[in-house]
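Input: a single structure, listed below in structure tokens.
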Amino acid sequence: MKPKIIKLATIFLLLLFIGAGCKKNEIEIADESIVVDNHPGVEVYKTNGNYFNYIAVSINETGQISRQPDYTLNDPRIKMDKKGRVTYNSRWLLKSGYIVDMEAHHNDAYTNITFQEYVDYHTKNGVVMPSELILPRIIEKDPYIKFYHMGCLNCKLKEFTLGEINQMIENGTLEEHFEKIK
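Quick note on full-length UniProt numbering: the sequence shown kicks off at 1 and runs consecutively.
In structure tokens:
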């Protein structure tokens with residue numbers, strides 16, 4: 001009987017240590033009451049990796065950066081969380097695993113540069129991070145598995161909560177309101 005108890009205790013302790021050592025996902029599921037609209041646009045997408053806390057840039061046909069962010073601590077898209085970390089408040093994770101984003105483009109490439117690092121660079125140097133530092137840090141040039149867009153400047157205003165968008169995804173009705181790009 002003692003060997004059985006020792007084996008069970010060993011298994012229990014092993015599971016306890018494994019559970020304690022696992023890093024929890026720090027990305028929070030978005031508040032479903034947040035409202036987004038189509039002026040100028042909103043994107044819904046799923047990526048082939050976890051790029052949620054990283055900046056995206058657009059790359060042109062010649063391999064140069066054609067669009068990059070200009071985030072600072074004064075930017076309304078940037079905020080500090082309760083732990084003093086820089087976060088981007090125009091991108092939300094849905095419980096379905098999709099992401100809603102106010103600034104994504106279907107031709108974006110993701111870097112391994114966090115919003116924190118990007119803002120810190122701008123704060124320290126007074127300028128955005130130069131292309132020469134960003135280009136070698138691109139980790140994914142084709143990140144989107146699925147990509148949907150809704151928006152224009154002259155169309156009728158449409159507003160949805162993140163909960164409604166999640167419901168569209170679950171019901172298979174997202175394409176009734178969003179154009180499928182990929």
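We treat Cβ as the ideally placed atom computed from N, Cα and C, and that holds for glycine.
**Request:** Give the C-beta separation of Val42 and Gly151 to the nearest angstrom, bearing in mind that I take them to be a contact with Cβ-Cβ under 8 Å.
**Result:** 6 Å
**Item:** Asp108 - partner residues in DSSP beta bridges
**Value:** Ser58
**Message:** What does DSSP give as the partner residue(s) for Glu43 in the beta ladder?
**Reply:** Asp101 and His149
**Request:** Can you have a look at His149 and say buried or exposed, based on whether 16 or more other CB atoms are within 10 angstroms of its CB?
**Result:** Buried, because 16 or more other Cβ atoms sit within 10 Å of the Cβ of His149.
**Endpoints, the beta strand (DSSP E) within which Met168 is located** = That residue, Met168, is in no beta strand (DSSP E); its alpha helix (DSSP H) goes Leu162 to Asn171.
**Asked** Is DSSP giving Thr123 helix, strand or coil here?
**Response** helix
**Segment limits, alpha helix (DSSP H) that includes Glu176** = Neither: Glu176 is in no alpha helix (DSSP H) and is coded neither H nor E.
**Asked** Roughly how many whole angstroms lie between the Cα atoms of His177 and Val35?
**Response** Cα to Cα, His177 sits roughly 15 Å from Val35.
**Item:** Identified DSSP bridge partners for Met80
**Value:** Val86
**Prompt:** Does the beta-carbon of Leu153 have 16 or more other beta-carbons within 10 angstroms, so that it is buried, or is it exposed?
**Reply:** exposed
**Rounded C-alpha distance that separates residue 192 from Asn89** = Coverage of the chain is limited to positions 1 through 182, which leaves residue 192 absent and any answer about it impossible.
**Message:** Which same chain residues end up closer than 6 Å to Arg137 when comparing Cβ atoms and leaving out the 5 residues on each side of it in sequence?
**Reply:** Thr111, Asn112 and Ile113
**Message:** Which of the three DSSP states is assigned to Leu93 in this structure?
**Reply:** Note: Leu93 maps to strand in three-state DSSP.
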